[in-house]
Each structure stands twice: as C-alpha cells, then as structure tokens.
Amino acid sequence: MANIPTVKLNNGVEMPQLGFGVAALGNGKEFHRAMESAVENGYRMFDTAPFYENEAETGDFLRNCGVKREELFVITKLPNACHAYDDTIKAYEAALKNMGLDYIDMFIIHFPVPSVGKYHEAWAAMEKLYEDGRVRAIGVSNFQEKHLNKILETGHIVPQINELECNPYLTVRPLCNFCKEKGIHVVNWFPLGGPRNPLVPYPVDDFKVLIDDPVMIKIGKKYGKSPAQVALRWAVQNDITPIPKSSNPERIRQNTEIFDFTMTAEELAEIDALDHGRRLGPEPDLFDDMTMG
Ligand SMILES: NC(=O)c1ccc[n+]([C@@H]2O[C@H](COP(=O)([O-])OP(=O)(O)OC[C@H]3O[C@@H](n4cnc5c(N)ncnc54)[C@H](OP(=O)(O)O)[C@@H]3O)[C@@H](O)[C@H]2O)c1
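Quick note: the sequence shown, position 108, residue 1148 per this note's numbering, numbers continuous.
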C-alpha cells in the first residue's frame, strides 16, 4: 500500500498529495470496486460532487470502509445553482446530510458562473462556514485570475485550493503561478489529459492522447514508469495535487506509484513544452450550466 505524502495548505491543514477522482464511476458495482481498490492502495483523499451522482455513495462507502474518519480527506462541491448566500449554507448542510458526515474536509465552489455573478456571495458564505468551524478548508474550482481577484478583494480568507483542468497539454502556467503567489494550492483535474473519458466530447479529428505522446513514453521508459505516472509526477513536481480517476484496480495502484522517482529539470521542461492550450472541459469564464455542480 502506498504511503501518500501530504501538503500543508495555507491554513495549516494537511492534505494528501494525491487524491482519487470519483466522476464517471457511477454509483453501482464499478464504483464500489474502484473505491475498495483505492482505499486498499492507500488513497485517503476523495473528490466528489453532487453532479457526479455518487456523493451519497461516496459518504456511505467512506463511513464504512474501516479507515478512521480523521485519516480521510473528503472534497465535495457547491452546485452552480446555489451561489446565493443562504443557498450556499443550505447546500453545505445538504452535502453533510447526503454523505452522512459531521464535516467535510474541503468544500469548494465548483464553477464561478460569471454570468450569474454571485460567486463572491457564495464565497462569503463559505467563509462563514469555515469561521464557524463547520468545514476544515474551503476553496474554489475553475476560477481564473479575475475571479480569484474578486473574492480576494471582497472576502477576507484566501482560498486553500483552486481545482483546475491542468496537465502537460494545458499547463495554465500563469494561473498556477498566480495561485502560488497568493498561497492557493492547485489541484488538477484531467491530470492524465482525460484519456478515454466518457465525459469528454472528443473532437473527431486531431485528438492527441496525452498518455500516447512520445515524450511522455520516452521519459517514462527511463524510469520504468508509464506515461500516466509521468503525467502525475509532473504535477507533483510542480507542487500540484492530481486527482486521477480509474475504474481499473491495476491502474488505481499504478497511479499511486509516483513518489519513488524524480524527473530532472530538463525533463520537466520537455514536458512543459508539450503545452498547446488544449482544453477538453468547459471554458470556465463562459460555463453557466445550472444543472452542474
Ligand atoms: N472540478 C471540476 O470541475 C472537475 C471536472 C472534471 C473532473 N474533476 C475531477 O477530476 C477527476 C479526474 O478527472 P478524469 O477522471 O475525468 O480525468 P483523468 O484522471 O485525466 O482521466 C481518467 C481516465 O484515464 C484512465 N486512466 C486512469 N489511470 C490510467 C492509467 N494509469 N493509464 C491509462 N489510463 C488511465 C481512466 O480509465 P479507466 O477508468 O479505464 O482506468 C479514465 O478514463 C474526476 O474523477 C473528478 O473527481 C473535477
């Protein structure tokens, strides 16, 4: 079983440096098999959301998995339709109830939804939840620099994390640097570039698969690692916490074995050079699907 290191967030809370993403796992047999495998292989951080339709099952599984609550780190998200202050508080209470937990470790705003323009109101409610000691850490997801600036201006707590689509094909380096400067830890979703992910509407032509990239394969070979492990290690060496999803026990284990090798600065630069701004998820500034969250 892997011993996954932790990172210290800006409020002193320790968070595992690798999490398990539960989107697209459903809530049936595949979900349960994957969760069992994840816990057996040492994952302690789990990233869910009401939108994934397994928030309740994630809570249920974790309550009964035999790992002490204080050793687990649970992330869930504020739905897009709940950015009004009172709705944010209610959404947190609903998440607790849904998951059967007394507290969530990390509650984050799923998307800024700028067209609604209430994310700063949501942030004020998140601050209230945090100051009342009801949640261990608060953060955001899919926030760009202008959205972060707004809550830094109107609020008084610096988010502990920003969960972003980010991988070697979409390094979003200026945003990551901005987060670092402000003390906001970056967690990356689609850390493997989203290969074979049913959530991704692949462009028919010209779709490059990150884990088939010759550079990723070449560097992996040198260390006896797969291209997926290289992508996850690239994140870790950039102070980013990846949250890969897998439904396959072998790949679930493989994705934990990333703390026993270190790539050189030249190799990291070679991987950085693969960046061509290829975004597969929604454009954060435009996304306003109110059923998501
Ligand atoms: N905050 C947000 O807005 C947001 C948005 C999207 C996702 N997320 C979070 O990020 C998590 C990760 O995103 P994701 O799962 O879509 O993308 P991903 O981790 O980049 O890719 C997952 C895909 O890679 C495959 N895979 C996993 N490990 C592999 C390995 N070692 N070698 C080859 N293929 C491998 C999986 O297939 P198998 O299952 O067959 O292994 C799955 O299809 C989600 O589960 C969710 O928790 C957050």
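Here a beta-carbon is modelled for each residue, glycine too, at the ideal position from N, C-alpha and C.
Query: Closest residue to residue 1091 among 1061, 1112, 1069 and 1078 (Cα-Cα distance); Result: 1061
Query: Residue 1118 burial status per 10 Å Cβ neighbour count (16 or more: buried); Result: buried
Query: Cutoff 7 Å; reference residue 1177; Cβ partners in own chain excluding five residues on either side; Result: 1049, 1051, 1053, 1145, 1146 and 1200
Query: Residue 1274 beta carbon near ligand 1 (any heavy atom closer than 7 Å); Result: no
Query: Chain B within 8 Å of residue 1094, Cβ atoms only; Result: Absent here is chain B; the protein component of the structure consists of one chain.
Query: C-beta atoms of residue 1043 and residue 1293 nearer than 8 Å; Result: no
Query: Under the three-state DSSP convention, the category residue 1203 falls into; Result: strand
Query: Start and end residues, beta strand (DSSP E) containing residue 1101; Result: It is not in any beta strand (DSSP E) - residue 1101 instead sits in the alpha helix (DSSP H) that spans 1095-1103.
Query: N-terminal and C-terminal residue of the alpha helix (DSSP H) that residue 1254 is part of; Result: 1254-1263
Query: Residue 1177 in three-state terms, based on DSSP; Result: strand
Query: For residue 1126, the first and last residue of its enclosing alpha helix (DSSP H); Result: 1125-1139
Query: Classification of residue 1247 by the beta-carbon crowding that lies within 10 angstroms, buried from 16 upward; Result: exposed
Query: Same chain only: Cβ atoms within 6 Å of residue 1268, ignoring 5 sequence neighbours per side; Result: 1232 and 1251
Query: At least three beta-carbon pairs within less than 8 Å, the segment 1211-1221 to the segment 1249-1263; Result: no
Query: Straight-line gap, residue 1141 to residue 1130 (C-alpha atoms, nearest Å); Result: 15 Å
Query: Reduced DSSP secondary structure (H/G/I, E/B, other) of residue 1041; Result: coil
Query: Other residues of its chain near residue 1244: CB distance less than 8 Å, five sequence neighbours each side excluded; Result: With a pLDDT of 41 at residue 1244, under the threshold of 50, the modelled position of this residue cannot be trusted; read the value that follows with caution. Excluding residues within five positions, none has a Cβ falling inside 8 Å.
Query: Cβ neighbours of residue 1306 in the same chain (closer than 8 Å, five flanking residues each side left out); Result: none
Query: Beta-carbon contacts of residue 1326 that lie in its chain and below 7 Å, excluding the five residues immediately before and after; Result: none
Query: Three CB pairs or more closer than 8 Å across the segment 1155-1174 and the segment 1110-1129; Result: yes
Query: Proximal residues to residue 1316 (C-beta, below 7 Å), its chain only, five neighbours per side dropped; Result: 1209
Query: As assigned by DSSP and simplified to three states, the class of residue 1327; Result: coil
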